[in-house]
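In the numbering used here, the protein residues as written are 4 to 132.
First up is the structure itself, then whatever we jot down about it.
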């Protein structure tokens, strides 16, 4: 039972996911502080309020929604430009260096059932000829 747990934990996907969660939480805190400390007061001053959260209309607190949207967009764009885009470039460079063609990978990813049915069809056609 412990061996199974050890194998599960040592899988690359589990370790990568754990690192991603920790990094995402830390990075989220940084972006949240930037939004709350810099952008929220700046946008609030543009609309004559102390902060975005205080912006309201007829009792509807639309300022906090705007603040959350800005925070989400900043976190998502930062993760894309800091993590995803460089990782895609690294994978592309590695594949070029190893001679892995993107089109070949898509062909190799064909459904095994379709490949088997195609093989059976071809075999039956060759018998009938």
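Cβ atoms here follow ideal geometry from the backbone N, Cα and C, with glycine treated the same way.
It should be emphasised that the depicted structure is a prediction, and the values quoted were computed from it without experimental measurement.
Determine, using beta carbons only, whether residue i and residue j come nearer to each other than 8 Å.
{"i": "residue 31", "j": "residue 72", "result": "no"}
{"i": "residue 34", "j": "residue 74", "result": "yes"}
{"i": "residue 64", "j": "residue 47", "result": "no"}
{"i": "residue 17", "j": "residue 11", "result": "yes"}
What residue range is occupied by the uninterrupted alpha helix (DSSP H) comprising residue i?
{"i": "residue 50", "result": "It is not in any alpha helix (DSSP H) - residue 50 carries neither H nor E in the DSSP assignment."}
{"i": "residue 119", "result": "115-131"}
{"i": "residue 65", "result": "65-82"}
{"i": "residue 103", "result": "Per DSSP, residue 103 belongs to no alpha helix (DSSP H) and is neither H nor E."}
Is there a Cβ of chain C sitting closer than 8 Å to that of residue i, yes or no?
{"i": "residue 127", "result": "This model lacks chain C altogether; it includes just one protein chain."}
Only counting the same chain, and skipping five residues up and downstream in sequence, which positions put a Cβ closer than 8 Å to that of residue i?
{"i": "residue 50", "result": "58"}
{"i": "residue 101", "result": "none"}
{"i": "residue 23", "result": "none"}
{"i": "residue 38", "result": "70, 73, 74, 77"}
Sorted by chain position, which residues of the same chain lie with C-beta nearer than 7 Å to residue i's C-beta, five sequence neighbours on each side aside?
{"i": "residue 4", "result": "none"}
{"i": "residue 86", "result": "none"}
Using a Cβ distance threshold of 8 Å, determine whether the segment 64-71 contacts the segment 96-106, with at least three qualifying pairs required.
Flag = no, the segment 64-71 and the segment 96-106 do not touch.
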